[in-house]
Amino acid sequence: MLKRLLQDWRFYVTLVVGIASVLGPFWLANIDQKSKSLSLMVVSQVSLQPSPKESVSGLEISVEGKPVSQPFSSVIEIINDGSKPITTNDFEAPLEVHVGSAINIIRAQISKKSPEDIEPDITYDNHVIKLKSTLWNPNDTISISMITSGAQPIFNTKARIVGISSVAVKDSTKPTSNLLTIAILLLAAFALALPTMVCALSLEFYSTQSSKIIPLKRETVIVIGFVNFLFFNLFVKFLNDALGLDKVVWYNILSVLLISGIVIPFSWRLVYPKGADAKTTPTLE
166 MLKRLLQDWR FYVTLVVGIA SVLGPFWLAN IDQKSKSLSL MVVSQVSLQP
216 SPKESVSGLE ISVEGKPVSQ PFSSVIEIIN DGSKPITTND FEAPLEVHVG
266 SAINIIRAQI SKKSPEDIEP DITYDNHVIK LKSTLWNPND TISISMITSG
316 AQPIFNTKAR IVGISSVAVK DSTKPTSNLL TIAILLLAAF ALALPTMVCA
366 LSLEFYSTQS SKIIPLKRET VIVIGFVNFL FFNLFVKFLN DALGLDKVVW
416 YNILSVLLIS GIVIPFSWRL VYPKGADAKT TPTLE
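Sequential numbering of the sequence shown, starting at 166, is according to this note's numbering.
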């Protein structure tokens, strides 16, 4: 059976389509990431005040003589992770980094920049840090250190930049994957491959070992395609959440639709020979 399968050109077509359906979404997502993109990464967040159980009576934390409650030290990183520069004219307004309405910014400053000759300028008020427009070449990065009070900051961004719909916020302080997530990914990947494998093996089995040929009806093709489509999107969604990827799911949907548009019409043309002595593989009309 394996020898005949290897000799059948349809095996290679199916193999190529399978590989394309897996790699296609990531290739398309990578194409998009080659354009303009700006992202914010939360590098660290540390509470400067001991928990109530560990605090010392009379201990008070202050900045410049002013007491602060629930202070946090945070470091964020803003990077041009695209392949195109972002010019000052691309900014309709300064990039805003919000920390939350119940949180006050005590101090904020640029702690690191790459390259060194980049000249960003920031201002801040109670709840917002504003980054004035400047030239961002690919991989240009600035780090902002800040002290806040009130609670742990929850960062959000607001921007009006040509070619960028939103500035993504990523948090490196949170774990991105665990054993349960990996197990779910493996199960989803298996579920993705199962319908196609069962169908292919069953057809080959019946065409070589039995006088009965199971025709692959159009309804069956549609169901198989839909199940693969559903499980593949579920798989990529879990992968997106586990690895912190962006913009993968929608490009995955597009690529699977394109592949389905090619494969399903091709599958509909398959005709299976009828008769007790039919031992061959499907042929085209």
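The beta carbon of each residue, even a glycine, is placed where N, CA and C say it ideally should be.
Taking C-beta separations shorter than 8 angstroms and ignoring five residues to either side along the sequence, the partners of Pro285 in its chain run Ile275, Lys278, Leu296, Lys297, Thr299, Ile307, following chain order. Of all alpha-carbon atoms in Phe256, Ile309, Ser212, Asn245, the one lying nearest the alpha-carbon of Lys323 is that of Phe256. Taken through DSSP and simplified to helix, strand or coil, Asp290 comes out as coil.
Counting only the Cα atoms, Leu260 lies some 24 angstroms from Pro236. Ile309 and Glu242 have their C-alpha atoms some 6 angstroms from each other. Excluding its 5 nearest sequence neighbours in each direction, Thr338 has C-beta neighbours in its own chain below 8 angstroms: Val207, Val208, Ser209, Gln210, listed in chain order. DSSP places Asn245 in the coil class of the three-state scheme, outside both helix and strand.
The Cβ atoms of Asn254 and Asp305 lie no closer than 8 angstroms to each other.
Rounded to the nearest angstrom, the gap between the Cα atoms of Pro303 and Ile251 is 8 angstroms. For Gly230, the number of other beta carbons within 10 angstroms of its own is below 16, and it is reported as exposed. Where Glu261 is concerned, the enclosing beta strand (DSSP E) starts and stops at 260 to 263. According to DSSP, Pro232 shares a beta bridge with Ser227.
Between Val233 and Ile271, the C-beta spacing is below 8 angstroms.
Cβ neighbours of Ile268 within its own chain (closer than 6 angstroms, five residues either side excluded): Thr313, Gly315, Ala316, Pro318. Setting aside the 5 residues that flank it on each side, Gly328 is surrounded in the same chain by Lys201, each with a C-beta closer than 6 angstroms to its C-beta; the list follows chain order. In this structure Val228 is exposed. Its beta-carbon is surrounded by fewer than 16 other beta-carbon atoms within 10 angstroms. Cβ neighbours of Ser266 within its own chain (closer than 8 angstroms, five residues either side excluded): His292.
Residue state for Asn254 is assigned as helix, using DSSP reduced to three classes.
Rounded to the nearest whole angstrom, the CA to CA distance from Tyr289 to Leu213 is 21 angstroms. When rounded, the separation of the alpha-carbon atoms in Ile294 and Ser248 is 26 angstroms.
By DSSP's assignment, Thr306 forms a beta bridge with Ile244, Ser279. Between the C-alpha atoms of Ser331 and Asp282 there is a straight-line separation of about 26 angstroms.
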